[in-house]
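Novice: Protein sequences appear in the order of chains A and B. For the first sequence, counting from 1, position 27 maps to 27 in my numbering; every step adds exactly one. For the second sequence, counting from 1, position 189 maps to 10189 in my numbering; every step adds exactly one. Backbone N, C-alpha and C fix where the C-beta goes; we use that ideal spot for every residue, glycine too. Here the structure is a predicted model, which is why all the values come from computation and not from measurement. Got a structure for you, written out below as structure tokens; questions coming shortly.
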Amino acid sequence: MDRKYWKSVEELKFPAKSQMLKQTEFPSDIKEEFDPNKLKGLSRRKFLAISAATVAVATTACKNYRDKGAIVPYNQKPENVLPGKANYYSSTCTGCANHCGILIKTREGRPIKVDGNPDHPGNKGKICATGQAAILNLYDPERYKKSYVRRNNTLQEVGFTAVYSDLIRAVTEASSHGKEISIISKPIFSPSFAKILNEFQQKYPTTKIYTYEFLEPYAKEKAWEELYPNTPMLEVDFSKAKVILSIESNFLATEGSFIKNIREFVANRNVDNAKEFNRFYAIESDFTLTGANADYRIPLNPSQFTTFLASLINEIVTQHSGKLVNTSVPVSKLNAKFSGFNLEDFARQNGIKFSSLQSIVSDLLENQGKSAVVTGDSVPYEVHYLGFLLNEILGNTKCYRIAPKPVLPNNRVVDFVALSEKMKSGQVGLVINLDCNPVFHFSKDIDLANAFSKVSYVFTMAESQNETAEHSTHILPISHNFESWGDFYNGWGLYSLAQPVIEPLYETYQKESIILSLVDGKMIYDNYHKYLQNFWQNEIYPKSNSGVAFEQFWFSVLHDGVFKLEQIEPQPLVCNYQSLDKIAINPQETSWTLIVKKPYFIGDGRFANNPWLLELPHPITKVTWDNYLAISETEAKSLALNSGDFVEVQADGKKLEAPVFIVPGIATKTLAIEAGFGRKVTGAIGENVGFDPIALLSKENFSNGYVLTNVKIQKLNRKYQLASTVEHHSLNDTFVKDLHKSRHIIQEGTVEEYLNGKFKIHRVEEKLSIIPEIKYTGVKWAMAIDLNKCIGCGACISACNVENNVPVVGKDQVMRGREMQWIRVDTYFSGTPDNPEVSLQPMLCQHCDDAPCENVCPVVATNHSPDGLNQMVYNRCVGTRYCSNNCPYKVRRFNFYDFRDHFANGFFYQDSLRLLNNPEVTVRSRGVMEKCTFCIQRITEARQNALAEGRELKGSDVKTACQEACPADAIIFGDMHDKESEVYYWRNHKLGYFVLEELNIKPNVTYIAKLRNKKQEDKA
Amino acid sequence: MRKSQLDYILKVRLPVTVFVVAVAYLVTFFVSRPERDGVGYMPDQPVAFSHKLHAGNMQIDCKYCHISVDKGRFATVPSTDICMNCHTIARKDRPEILKLAQFYADERPLQWKRVHRLGDFAYFNHSVHVNRGIDCKYCHGDVAKMDKIQQVQRFTMGACLECHRNPHAKMPELAGKVNKGPEFCGACHR
């Protein structure tokens, strides 16, 4: 696969030479190989010269050289659209099962930015990095624009009506022959669409509906079902948990309602209420972002999770049963079940300090009913079971809260295995894939690809090409979420609506519309919109007891985006301890284990063609454009592996070739890899990005956790280039070890030290400066970043990319350190590479008062504004890069190319992507420097509004894009002169410090030192 | 070459040539400057709309048509339906109005020729100027006297800064109301 990345045989044979070529922009040894004067006739050069002269003469002679083009106003101006003013529409994000409420910002009728809807109680105005960047999928030039039919194994472009009439024929044919019509879909949260499907089923009784989620934690659902039969699964409310024990859970980044989780988790990370800090233990094999935020993190091989939890339960029920508050716990039954497990033995066998495990036990016991055990979506059934059981024993079920639940229950993997068999035996007459990619999502032994070929009609409705469409007879393009209507129900009384904010860019319909037309028998463009309104009028409006007419009700819900009925409270949980008899808990040997995780940014693979998301650095390793097998340094050494070495992993005869990447803190004998990468059929951007670990999975994995034990690893004699933006190996080097701590870039303490007043922030007295002091009057902008709250999710980076037209540069350029993101999250490791501590720090332009970049600019293209901004004037910049050289924070970015043109053959210059740009921000060209502007376009807009309203500009009028996006509210922005403002408070907080303050350049981004909630005894 | 000839070239011909070139350059530079800056540009519009008639004789407020001038960056050229507010009744029989009505009926947008234009790198905002009480005429000239719109001011950074630095010299009625305009880069460039 890596072969694609070689540009020539030269590169393969002489990597050193090609490396030199790559590094030199204009290689010196390329010379003219001919003398134009010796050429006969008109040389190319002469021809060009003559043409140029002709054009020049023609232009000067041209009468219309003063022409400035035209201004084309609307013929009939739509109401509420004012050129230059943004409109906001509430809608719902369909990127994952959480269905966050969103506000879509449109300018002149085109969506340009997405943020969370503050009225939505689930995500409260915040969305993840993926949701921020999802807007690019709307304008993706590689979207399906036409319908396709496969004839003689080739796709033929046809009109929508042709495919649609085939669909009608297929439906009638299948149902008249009594064959099954299988509809495969991602989880259905839309009550109206569920009703349409129901009507469809009534009209065509052979219809069966299959829904699933990519890497769904079936094992978790099964464990819950065993312990609490017939009750919907709940999630942990982290705001209620004082002690959190996570087993391989990535609840802050990829699992569950993670935006909500972040908010709840950081609610107990407020330094002004440091006594109430939660304590977070993470036991994990992979280094997750969640683990990076733990107070204690213990790497553990996934095969030991069961033993660990069993030993923990045993320790609690044998040693401390008297302390248990929950009296309904059958202690003797548990005693008997877990007597074979001993925590001390476990600690010894796995080389973990017993005292650290004891402190988990004591913390959990002291906080019964106020703690939580969370198990990750990838781990096996037994681990989930024991996790839920532990919560039950400790009375932690009080900390549970509702989790979104689809309207139609999701199917199990066995259903898909059965479906595959049915297709192969010819019982299925038609398959309709609704915006999902089962061929990619399910393991190869379910064999959906082959099964599809046995079915006479396979219709795939998709936005862009995917593996399932590749195995379909017909492809129907569907509208993007931003072009579609929709309603969503979280299962607990909360409804939300999605509305189109732009006419479909291409000849597409939304999938609901197509299915509905099959029910109605006629294809009308706006049919689903009307159906949705009717549905709400008949089903939801009566429940609302609203005094207003339906029309008013409808428009008010559409305006708010959400509609809340009284929340349905989950029924009380009754634990079925009998299920204990059924479960076999056996200690496992530690063998080489591979764990498959959900990816951070690309969802279920549907964002694998989104360059913004592919270029977002992985939160821990900062690898872009790829996934990899994460391995610890010790294990890599034992296998003589280096980062980038290809290995072949074998599990049960299945093979995967992928590069390894050395990540500190990975457990012994563990390989961790993220799924969703390695898409075979995708656009030009996602082609050859990453490796597909689903190749290793079998159908058993889908029902019992995505962990493979006893895998075999073999080093291959190949290398792969991974584009990471950090170096990990420096950790071993004593010279740079803990450099960040000695330079006071990262300042950290413990909660206890802070409360005792022992933790002192290192501050530097302001020194005399040779730069004349400027008196700032009026508003002066400053930022504060609370490192206790920042969890490093990357939403800020994504939001900044979208807001500020930040270009994507591509993998080759990232490898040369030319990524353009204005804000980055620095990861600093400390301690041993086997179990390091992570410190995360968002880094952006600090807008220093005495900015070193300003002094060195020969053309004064960067200078200071009276409101404290370090300005960057693109049209003045000549690209000397002196400023970047002199910037101590390394936050300036240089356009080595016109990256819009350079990346993927002018990807961003394609027509549809021109609509994506924020018209308030200059699109930078080659040769200019750029950097964070503190969202000056938003400041200007706020100033304009203040002026129109005849009042003074206030600091609180402006929210930067990163601040608006931050799910943890870690970024605070405002006027440092306003004594009432939050930013003033944090700037003068005793935990506030500036990075590299000793340089005396007066930066304006205050960092609030991170406190770790450590216990006293292990302070040494 | 003979010495006297070289002498002649150096002492007479060269200075004269340099002088002639310099003078020609300077004269051209200054004479053509307004033209280069677009001053006097007066293109034909698709419909011969007269500001003199509407804004001058009939005293229609600028904001009636340029609806966004106090609300956002753009003053906005009016959409055709604003014209038709009156012209569905008024002067329906005039040839230019017939032309206009045809555009409206065909739902064809009118392509008005752009007269004033700033560089793409400058983010001029109409509303902040108008809301400070600065009259349109300071940049656009007295349009109430123009049958056909033409550019009368230079639209260069120098021209902007002239007013920003000395607003009261140009606009005496603003004394006491408006201080200096901003001069930092970020006010216009971002």
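Does B/Gly10186 have its Cβ less than 8 Å from a Cβ in chain A?
Specialist: Chain A, which has a Cβ nearer than 8 Å to the Cβ of B/Gly10186, makes this yes.
Novice: With DSSP run on the structure shown, which of helix, strand or coil describes A/Tyr139?
Specialist: Helix, per DSSP.
Novice: Since A/Arg987 is in the alpha helix (DSSP H), which residue starts that stretch and which ends it?
Specialist: Run containing A/Arg987: Glu982 to Arg987, per the alpha helix (DSSP H) assignment.
Novice: Specify the secondary structure class of A/Tyr281 as computed by DSSP and reduced to three states.
Specialist: Correct three-state label for A/Tyr281: strand.
Novice: Which residues does DSSP pair with A/Thr460 in a beta bridge?
Specialist: For A/Thr460, which the question treats as bridged, DSSP gives the partners A/Asn433 and A/Ile475.
Novice: If you check the beta carbons only, do A/Lys105 and A/Ala129 fall under 8 Å apart?
Specialist: No, Cβ-Cβ distance for A/Lys105 and A/Ala129 is not below 8 Å.
Novice: I'd like the list of long-range same chain contacts for B/Arg10073, defined as Cβ closer than 8 Å, with 5 residues on each side in sequence excluded.
Specialist: Excluding sequence neighbours, B/Arg10073 sits near Tyr10123, Phe10124, Asn10125, His10126 and Ser10127.
Novice: Residues of the region 10017-10038 of chain B in Cβ contact with chain A at a cutoff of 7 Å, in chain order, please.
Specialist: If the cut-off is 7 Å between Cβ atoms, the region 10017-10038 of chain B has Gly10038 near chain A.
Novice: Which whole-angstrom value is the C-beta distance of A/Ile196 and A/Thr211, which I expect to be below 8 Å?
Specialist: At roughly 14 Å, the Cβ-Cβ gap does not stay under 8 Å, so A/Ile196 and A/Thr211 are not in contact.
Novice: Using DSSP's beta-bridge definition, name the partner residues of A/Thr827.
Specialist: In DSSP, A/Thr827 forms a bridge with A/Leu840.
Novice: To be precise: take each residue of the region 10077-10089 of chain B, compare its Cβ to all Cβ atoms of chain A, and keep it if any distance is under 8 Å. Which residues remain?
Specialist: Of all residues in the region 10077-10089 of chain B, Val10077, Pro10078, Ser10079, Thr10080, Asp10081 and Ile10082 have a Cβ within less than 8 Å of some Cβ in chain A.
Novice: I need the straight-line Cα distance from A/Lys1014 to A/Glu539, nearest angstrom please.
Specialist: Between A/Lys1014 and A/Glu539, the C-alpha separation is close to 52 Å.
Novice: Just list the beta strand (DSSP E) runs in the region 659-700 of chain A, keeping only unbroken ones of 3 residues or longer that don't cross its boundaries, in chain order.
Specialist: 670-674, all fully within the region 659-700 of chain A.
Novice: May I ask which residues mark the beginning and end of the beta strand (DSSP E) holding A/Val596?
Specialist: Start and end: Thr593 to Lys597.
Novice: Please name the residues in the region 907-929 of chain A whose beta-carbon is closer than 8 Å to at least one beta-carbon of chain B, in chain order.
Specialist: Against chain B - using a Cβ distance shorter than 8 Å - the residues of the region 907-929 of chain A are Glu920, Val921 and Thr922.
Novice: Going by beta carbon distance, what residues of the same chain come within less than 6 Å of A/Thr709, once the five residues before and after it are set aside?
Specialist: If we look at A/Thr709 and ignore the five residues flanking it on each side, its Cβ neighbours are Ser303, Ser591 and Thr593.
Novice: Which chain A residues are close to B/Gln10005, counting only those with a beta carbon under 7 Å from its beta carbon?
Specialist: The premise fails here: B/Gln10005 is roughly 33 Å from chain A at the closest Cβ pair, so nothing lies under 7 Å.
Novice: Checking the sheet assignment: what are the DSSP bridge partners for A/His762?
Specialist: A/His762 pairs with nothing; no bridge assigned.
Novice: Beta strand (DSSP E) containing A/Lys105: first to last residue?
Specialist: First-last of the beta strand (DSSP E) with A/Lys105: Gly101 to Arg107.
Novice: Quick check on A/Lys31: buried or exposed, where buried means 16 or more other Cβ atoms within 10 Å of its Cβ?
Specialist: The predicted position of A/Lys31 is uncertain, since its pLDDT is 43 and thus under 50; a value taken from the coordinates is nonetheless stated next. By the neighbour-count rule (16 or more Cβ atoms within 10 Å), A/Lys31 is not buried but exposed.
Novice: Within 10 Å of its beta-carbon, does A/Gly1024 have 16 or more other beta-carbons around it, so buried, or fewer, so exposed?
Specialist: Outside the displayed span of chain A (1 to 1020) sits residue 1024 of chain A, for which this structure offers no information.
Novice: What separation, rounded to the nearest whole angstrom, lies between the Cα atoms of A/Val814 and A/Phe193?
Specialist: For A/Val814 and A/Phe193, the distance between alpha carbons rounds to 43 Å.
Novice: So with Cβ pairs under 8 Å, would you call B/Val10041 a contact of chain A?
Specialist: Checking the sequence, you will find Tyr at residue 10041 of chain B rather than Val. By this cut-off, B/Tyr10041 is an interface position.
Novice: Rounding to the nearest angstrom, what Cα-Cα distance links A/Arg107 and A/Phe555 in this structure?
Specialist: The alpha-carbon atoms of A/Arg107 and A/Phe555 are separated by roughly 21 Å.
Novice: Quick check: A/Gly906 and A/Val779, are their CB atoms within less than 8 Å of each other?
Specialist: Their beta carbons are not under 8 Å apart, which means A/Gly906 does not touch A/Val779 by this criterion.
Novice: With 8 Å set as the bound, which would you pick, yes or no: does the beta-carbon of A/Lys990 sit closer than that to a beta-carbon of chain B?
Specialist: Judged by the 8 Å Cβ criterion, A/Lys990 is not in contact with chain B.
Novice: If you run the structure through DSSP and keep just helix, strand and coil, what is A/Asp377?
Specialist: Reduced to three states, the DSSP call for A/Asp377 is coil.
Novice: If the cut is a Cβ gap below 9 Å, which residues of chain A does B/Phe10049 touch?
Specialist: Those do not exist, as B/Phe10049 stays about 12 Å from chain A at its closest Cβ, beyond 9 Å.
Novice: Which chain B residues sit within Cβ distance under 9 Å of A/Thr933?
Specialist: Within 9 Å Cβ-Cβ: Gly10186 and Arg10190.
Novice: Listed from N- to C-terminal order along the chain, which residues in the region 10096-10114 of chain B have their beta-carbon within a distance smaller than 8 Å of any beta-carbon of chain C?
Specialist: This model lacks chain C altogether; the protein chains it does include are A and B.
Novice: Which residues of chain B have a Cβ atom closer than 9 Å to the Cβ of A/Leu72, listed in chain order?
Specialist: For the record, residue 72 of chain A in the displayed sequence is Val; it is not Leu. The answer, in chain order, is Val10077, Pro10109, Leu10110, Gln10111 and Trp10112.
Novice: Look at the alpha carbon of B/Arg10002 and the alpha carbon of A/Ala52, and state the distance between them as a whole number of angstroms.
Specialist: Each residue's alpha carbon lies about 41 Å from the other.
Novice: Using a C-beta to C-beta distance shorter than 9 Å, which residues of chain A count as neighbours of B/Phe10155?
Specialist: None at all; the shortest Cβ gap to chain A is about 10 Å.
Novice: Answer yes or no: do A/Leu613 and A/Ile602 have a C-beta to C-beta separation smaller than 8 Å?
Specialist: Yes, the pair counts as a contact, with Cβ atoms nearer than the cut-off.
Novice: Curious, which full-length beta strand (DSSP E) runs of at least 3 residues does the region 179-225 of chain A contain?
Specialist: Listed in chain order, they are 180-185 and 207-211.
Novice: Touching or not, the region 278-293 of chain A and the region 238-248 of chain A, by the rule of three or more beta carbon pairs under 8 Å?
Specialist: These segments touch.
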